[in-house]
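Below: the structure, in structure tokens.
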């Protein structure tokens, strides 16, 4: 089996950070010499197969716009294709050529990239410093915190980190929900059920108890909503 070591540079690809792109670039270069088609066109014609049993990368022959029967061209490509360190198997499937990658070579490439780049692995500048606001958590502080607030905070933080790693100018926003009708209800409820003494003892629990009671009143008397 022959070996292709040099990875060509193709516009729109990023083999330095994406090991799979390195495989696609090598594949596009080899196919370009077989069918006399521009390497960029070949790169764009390589796609993920619809089913995993059809390999890892598929070439859609019709996208090359070659003269002749696409299925016959696919078979001819397979016959002439030279396997290498990147590609272990090539199979014709109608107008498609399915390629099976060398898992060991892919894993080695991936682990080496991760080791070399460390915490910068997976980072890029695709965001081009576009501004993004990520609003998360923002609890209604008329109620006690619960697991849902923690979940939202964790998810929001992860989204922020991902955007930062992809070159976006990200701003996190977490406003406290201290406005709106729920606070009107709480004010009405405190007038009815509030206690300054209990508020000093345990403010969160007391306000929550007041909130529960006034909401029950509101279910039984719609005028409570008007007061709020």
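Numbering (UniProt numbering), first residue to last: 1 to 228.
Ideal Cβ placement from N, Cα and C applies to all residues, glycine included.
CA-to-CA distance, residue j to residue i, given in whole angstroms
i: residue 176; j: residue 169; result: 23 Å
i: residue 153; j: residue 114; result: 28 Å
i: residue 254; j: residue 32; result: Not covered by the structure: residue 254. The range shown for the chain is 1 to 228.
i: residue 14; j: residue 174; result: 35 Å
i: residue 124; j: residue 73; result: 37 Å
i: residue 180; j: residue 218; result: 16 Å
i: residue 133; j: residue 127; result: 13 Å
i: residue 58; j: residue 150; result: 43 Å
i: residue 99; j: residue 89; result: 6 Å
i: residue 118; j: residue 107; result: 16 Å
i: residue 200; j: residue 228; result: 24 Å
i: residue 16; j: residue 26; result: 13 Å
i: residue 221; j: residue 147; result: 31 Å
i: residue 96; j: residue 48; result: 11 Å
i: residue 282; j: residue 75; result: Any property of residue 282 remains undetermined from this structure, which presents the chain solely from 1 to 228.
i: residue 161; j: residue 129; result: 14 Å
i: residue 83; j: residue 139; result: 58 Å
i: residue 203; j: residue 135; result: 27 Å
Anticipated Cβ contact below 8 Å, residue i with residue j, distance rounded
i: residue 86; j: residue 105; result: 6 Å
i: residue 213; j: residue 189; result: 6 Å
DSSP state of residue i mapped onto helix, strand, coil
i: residue 96; result: strand
i: residue 132; result: strand
i: residue 153; result: helix
i: residue 176; result: coil
i: residue 71; result: helix
i: residue 60; result: strand
i: residue 220; result: helix
i: residue 87; result: strand
i: residue 169; result: strand
i: residue 231; result: The requested residue 231 is not part of the displayed model; the chain covers only 1 to 228.
i: residue 125; result: coil
i: residue 47; result: strand
Option in the options with minimal Cα separation from residue i
i: residue 110; options: 201, 18, 219 and 11; result: 18
i: residue 157; options: 198, 140, 171 and 99; result: 171
i: residue 29; options: 52, 48, 186 and 81; result: 81
i: residue 91; options: 15, 55, 119 and 107; result: 55
i: residue 155; options: 93, 137, 164 and 126; result: 137
i: residue 40; options: 126, 52 and 24; result: 24
i: residue 163; options: 139, 88, 192 and 131; result: 131
i: residue 210; options: 48, 223 and 194; result: 194
i: residue 94; options: 84, 83, 116 and 70; result: 70
i: residue 61; options: 205, 42 and 51; result: 42
i: residue 44; options: 52, 53, 198 and 12; result: 12
i: residue 121; options: 165, 101 and 159; result: 165
Below-7 Å beta-carbon distance, residue i vs any chain B residue
i: residue 140; result: Among the protein chains of the structure shown there is no chain B, as only one such chain exists.
contact_flag[the region 62-74, the region 33-43] where n(CB pairs < 8 Å) is 3 or more: Taking 8 Å as the limit for Cβ pairs, the verdict is that the region 33-43 does touch the region 62-74.
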